[in-house]
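S.K.: Attaching a single structure in structure tokens format; questions to follow.
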Amino acid sequence: MFTGIVEELGQVESLIEDGSDSAVLKIRGPLVTSDARHGDSISVNGVCLTVIDNVDGVFTADVMGETLRRSSLGALEVGSQVNLERAAALGSRLGGHLVQGHVDGVARIVAREPAADWEVVRFSLPAELAKYVVEKGSITVDGVSLTVMAVDDETFSVGMIPTTSKLTVLGAKDVGDPVNLEVDVIAKYVEKMLGDRHV
């Protein structure tokens, strides 16, 4: 479980696809690897990956083909920057919201509208996720916990403060770039519990 508060920008050291529907990813992240052990979870652009090993500030993770297809990790290259967050510890502050690191879909940046002290960023909204996204609700974009400012059937917007722009990959992404989305898991549980009942 994560909070959507990015701890550091990491860098892809290598991405090896061996042709067997999987890949091995090596990422440099001195902060998140400072106490990382085999089996620990680290969120990489919002995708929960398991640490295989950790050597000199670089951790290795196996990535299944399913993950490569259903997230933007398959588009990473050597040198790409990525958002990194260690799993939340029980008893620590929850600065963002409950994030599982399970990507629900990939969106693209539709527009960026700079303002004096912040920026409005608009993203495409996959049709199958639209019912889970509400104004003032939480959403995770590339592992970053954000609040939805506005939403329609095809897009949603967030307000991005300078800190988010400077300390996450979202600040460097351009219109058309892909991003990983994770909707609020509570909405999915409520839907499952209610089933076909109408309120």
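Count the sequence shown with my numbering and you get residues 11 to 209, in order. Positions of the beta carbon are idealized from the N, C-alpha and C atoms, including for glycine.
1. Given Val16, which residues of its chain have a CB within under 8 Å of its CB, disregarding the five upstream and five downstream residues?
2. Can you have a look at Ile37 and say buried or exposed, based on whether 16 or more other CB atoms are within 10 angstroms of its CB?
3. Name the DSSP beta bridge partners of Asn93, please?
4. Who pairs with Glu129 in a beta bridge, going by DSSP?
5. Take the Cβ of Val42 as the centre, count every other Cβ of all protein chains shown within 10 Å, and call the residue buried at 16 or more, exposed below.
6. Nearer than 6 Å: is that true of the beta carbon of Phe69 relative to any heavy atom of the ligand MG?
7. Distance check for Leu78 and Ser51, CA to CA, integer angstroms please.
8. Below 8 Å on the Cβ atoms is my contact criterion, and I expect Leu104 with Thr13 to pass it. Report the Cβ-Cβ distance as a whole number of Å.
9. Look up Thr165 in the DSSP assignment and say whether it is helix, strand or coil.
10. Where does the unbroken beta strand (DSSP E) through Ala182 begin, and where does it stop?
11. Give the C-beta separation of Asp194 and Ser148 to the nearest angstrom, bearing in mind that I take them to be a contact with Cβ-Cβ under 8 Å.
12. Excluding the five sequence neighbours on either side, which residues of its own chain have a C-beta within less than 8 Å of the C-beta of Gln110, listed in chain order?
13. Among residues of its own chain, excluding the 5 on either side of Gly115, which ones have a beta-carbon nearer than 6 Å to its beta-carbon?
14. Between Arg122 and the rest of its own chain, which residues show a CB-CB distance below 7 Å, the 5 nearest in sequence each way excluded?
15. What's the gap between the Cα of Leu204 and the Cα of Val143?
M.R.: Reading from the atomic positions:
1. Asn93, Leu94, Glu95, Gly153, Val154, Leu177 and Thr178
2. buried
3. Leu19
4. Pro124 and Met170
5. buried
6. As for the ligand MG, it is missing from this structure, which has no ligand bound.
7. 17 Å
8. 6 Å
9. strand
10. Taken as a continuous stretch (DSSP letters only), Ala182 belongs to no beta strand (DSSP E), as it is neither H nor E.
11. 5 Å
12. Met11, Phe12, Cys58, Glu192 and Val195
13. Pro136, Leu139 and Leu191
14. Glu129, Val131 and Val185
15. 17 Å
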